[in-house]
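See below for the structure under consideration.
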Amino acid sequence: MEAFFKLYQAEGIAMLIILIVTVVSAKIVKTTLNKIIEQGSKRLDYDSTGWIFARTTLVILIYIVGVGLALAKIPQFELVGHSLLAGAGVLTLVMGIASQQILSNLMSGVLIVLFRPFKLGDRISVNNMVGTVEDINLRQFVLRDLENNRIIIPNSSVGASALINFNHTDVRSCKAIEIGISYSSNIDLAMEIMRDEAMKHPLRVDGRNDKQIANNDPEVAVRVVQLADSAVILKLWVWAKDTADGFVLSCDLLKSIKERFDSEGIDIPFPQTTLSFLKDRQR
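Here you go:
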């Protein structure tokens, strides 16, 4: 036993020094992150989840590396030490891969601030999720939908998919309303009713540009857009000052146009199919 200690005295001292440095390093990291968490907890809106995760991960990583280096100093435990170091390397690799998404979100957040594809208060649509931008930070942005839910979206999704900004440069909203009438109904009368109901709605605005005004284009356009199987499809385009008014405008017009159609004898048909039967031919 005495010979063993004499033989590995230098390795034992190195192992002891490594373990002491490991414990001290872990203690410093833990204390530093605890102070950060404690200071942040004084804010009402503070979320310490990320810092707690970072503290636990770093402390574990420090101990794995320290113990691995210490064991690698003794030949009998060298294999175990190298295994621990390899495990730490894998953990570091996993953290590096995970951090790519974090860095992507950070860079995307910076680009959002610089190029301003949207800003606070804008109503946008991302990946079929629609809401008003309530918060923007370097990692994510928050949308508030019509049901007052909060949708948290990573910044990197902005560069990976198309984004619709309903308030970008021009906040006006053009609503398109399609209604089908029967083939026996008066098309001109139906188009006039749709145009008249839109023109007298208080939320309607003139969406024409200077060229259209000069050409005396109608403020409300109505066109026949399709001859469907069971109906003639009419489409109306009408403008509102923003998307909120546009939604109310389109809902009101659907109701008022339906009521006018009923009073004027314009039918909105159900889907119909005509079947023809051939008489059996005599042979």
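Take this note's numbering: the last position of the sequence shown gets the number 1388, and nothing is skipped along the way.
Backbone N, C-alpha and C define an ideal beta-carbon position, used for all residues, glycine too.
Local conformation of Lys1360 per DSSP, three classes: In the structure shown, Lys1360 falls within a helical segment according to DSSP collapsed to helix, strand and coil.
Is it the case that the Cβ atoms of Gly1351 and Leu1308 are separated by a distance below 9 Å? If you check the CB distance, Gly1351 and Leu1308 come in under 9 Å.
Buried/exposed call for Ser1355, threshold 16 Cβ in 10 Å: It counts as buried.
May I have a chain-ordered list of the beta strand (DSSP E) segments no shorter than 3 residues that lie completely inside the segment 1296-1367? Within the segment 1296-1367, the complete beta strand (DSSP E) runs of at least 3 residues are 1326-1332 and 1337-1345.
Minimum C-alpha distance to Ala1349 - residue among Leu1225, Val1129, Phe1271 and Ala1119: Residue Phe1271 is the option with its Cα nearest to Ala1349.
Which whole-angstrom value describes the C-beta separation of Ser1287 and Asp1372, a residue pair presumed to lie in contact below a C-beta threshold of 8 Å? Right, the Cβ-Cβ distance comes to about 4 Å (below 8 Å), so this counts as a contact.
Measuring alpha carbon to alpha carbon, tell me which residue in Lys1360, Lys1280, Gly1285 and Ser1361 is nearest Val1343. Checking every option, the nearest Cα to that of Val1343 belongs to Lys1280.
Closest Cα partner of Thr1378 within the set Ala1345, Phe1366, Glu1364 and Asp1334: Closest option to Thr1378, Cα to Cα, is Asp1334.
Can you pull the DSSP bridge partners for Ile1269? Note: Ile1269 sits in a beta bridge opposite Ser1230.
Mapping DSSP to helix, strand and coil, what is Leu1248? The DSSP-derived three-state label of Leu1248 is strand.
Verify whether the separation of the beta carbon atoms of Ile1362 and Ile1298 is less than 9 Å. Result yes, Cβ atoms of Ile1362 and Ile1298 sit closer than 9 Å.
Would you mind stating whether Leu1163 and Val1129 have Cβ atoms separated by less than 9 Å? Leu1163 places its beta carbon 9 Å or farther from that of Val1129.
How would you write the range of the beta strand (DSSP E) that Gly1285 sits in, first residue to last? Unbroken beta strand (DSSP E) run through Gly1285: Ser1278 to Ile1286.
Supposed contact pair Val1235 and Phe1246 - C-beta distance, whole angstroms, cut 8 Å: Between Phe1246 and Val1235 a beta carbon distance of about 14 Å is seen, past the 8 Å cut, so the two are scored as non-contacting.
Within 10 angstroms of the Cβ of Asn1260, are there 16 or more other Cβ atoms? Answer buried if so, exposed if not. Buried: at least 16 other Cβ atoms inside 10 Å.
Name the residue from Arg1277, Ile1257, Glu1252 and Val1325 whose alpha carbon lies nearest to the alpha carbon of Arg1300. Per the Cα distances, Val1325.
Taking only the alpha-carbon atoms, compute the straight-line gap between Phe1366 and Ala1295 and give it to the nearest angstrom. Computed Cα separation, rounded: 7 Å.
Measuring only the C-alpha atoms, how far is Lys1340 from Met1304? Looking at the backbone, the Cα of Lys1340 and that of Met1304 are separated by about 15 Å.
Please list the terminal residues of the continuous beta strand (DSSP E) segment that includes Ile1257. Per DSSP, Ile1257 belongs to the beta strand (DSSP E) from Arg1255 to Pro1259.
Please classify Gly1171: does DSSP put it in a helix, a strand, or coil? The answer is helix: DSSP assigns Gly1171 an H, G or I state.
Measure the alpha-carbon distance for Val1276 versus Phe1382 and round it to whole angstroms. When rounded, the distance between both Cα atoms is 56 Å.
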